[in-house]
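In this note's numbering, the protein residues as written are 302 to 543. Beta carbons are placed, not taken as given, at the ideal position from N, Cα and C, and that holds for glycine.
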């Protein structure tokens, strides 16, 4: 989306506007509420933003880490904000939830920005993000829906980001998911999980695969301070000079 952090010289004025908006919500939430669209339109807007944010997150492990960090902070802020509105404005429980949700969604709007790109991850990738779905369920879904090789490869990346078990990875590869293709190959998506990184290496993943910026799995393992994975990559031929 066109979030403010992507707009160069426009960043500081827009940051000031955002700070002022937060101040307005904190001081006079009732006046702020009068400026909002209908609840139905707001729900539609934020559903689109959440879908696009999820789509963006699944493009790389770096994006996914930022996505997880954002939602952790978002969820951590819910209870303190509800208490703030309750203690300062004497709102009932329903109103506390309403104002808290709208305030936090302003952060979502700030992080993602306005977007006309209506994208989301695939149904199979969504299944990979939900650890309640078993290997047998996933196998049945694949049989029933006959996903393309590209969909299977993207699902493998999603499974790795969500640190799914080896049996699921094996299933996806058996049905045709590719290990060494894409802007960043599968091993990049596994770099927060030793067992899955090792599994990919044992299945022939290229430890020296580089993305468009020339960054390799070793570069990211160092950035993530994963000493165990750094050693694993080096033991399997990672080039320290690449």
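{"Query": "Residue 420 vs residue 356 beta-carbon contact at 8 Å", "Result": "yes"}
{"Query": "Residue 442 beta carbon less than 8 Å from that of residue 428", "Result": "yes"}
{"Query": "Environment of residue 413 [buried if 16+ CB atoms lie within 10 Å]", "Result": "buried"}
{"Query": "Residue 485 classed as buried or exposed, judged by whether at least 16 other C-beta atoms fall within 10 angstroms", "Result": "buried"}
{"Query": "Range of the contiguous alpha helix (DSSP H) that encloses residue 507", "Result": "Element bounds for residue 507: n/a, residue is neither H nor E."}
{"Query": "Nearest to residue 376 (by Cα), restricted to the options 388, 363 and 401", "Result": "401"}
{"Query": "Neighbourhood of residue 523 by C-beta, 7 Å cutoff - its chain only, sequence neighbours within 5 removed", "Result": "531"}
{"Query": "Proximity of residue 359 and residue 459 at Cβ, strictly below 8 Å", "Result": "yes"}
{"Query": "For residue 481, three-class secondary structure by DSSP", "Result": "coil"}
{"Query": "Beta-carbon proximity list for residue 468, same chain, < 7 Å, skipping 5 on both sides", "Result": "436"}
{"Query": "Proximity below 8 Å, CB of residue 543 to CB of residue 509", "Result": "yes"}
{"Query": "Nearest to residue 399 (by Cα), restricted to the options 383, 391 and 408", "Result": "383"}
{"Query": "Three-state class that DSSP yields for residue 337 in the structure shown", "Result": "coil"}
{"Query": "When 396, 477, 526 and 374 are compared against residue 494, the one with the closest alpha-carbon", "Result": "526"}
{"Query": "Cα-Cα separation between residue 333 and residue 425, rounded to whole angstroms", "Result": "40 Å"}
{"Query": "Buried versus exposed call for residue 423 [16 or more other C-beta atoms within 10 Å across all chains shown]", "Result": "buried"}
{"Query": "Counted within 10 angstroms of its Cβ, other Cβ atoms place residue 515 as buried (16 or more) or exposed", "Result": "exposed"}
{"Query": "Touching by the beta-carbon criterion (3+ pairs, under 8 Å), the stretch 332-352 and the stretch 472-483", "Result": "no"}
{"Query": "Local conformation of residue 388 per DSSP, three classes", "Result": "helix"}
{"Query": "Nearest neighbour of residue 487, chosen from 362, 380, 529 and 390 [CA to CA]", "Result": "362"}
{"Query": "Check whether residue 497 and residue 470 have beta carbons under 8 Å apart", "Result": "yes"}
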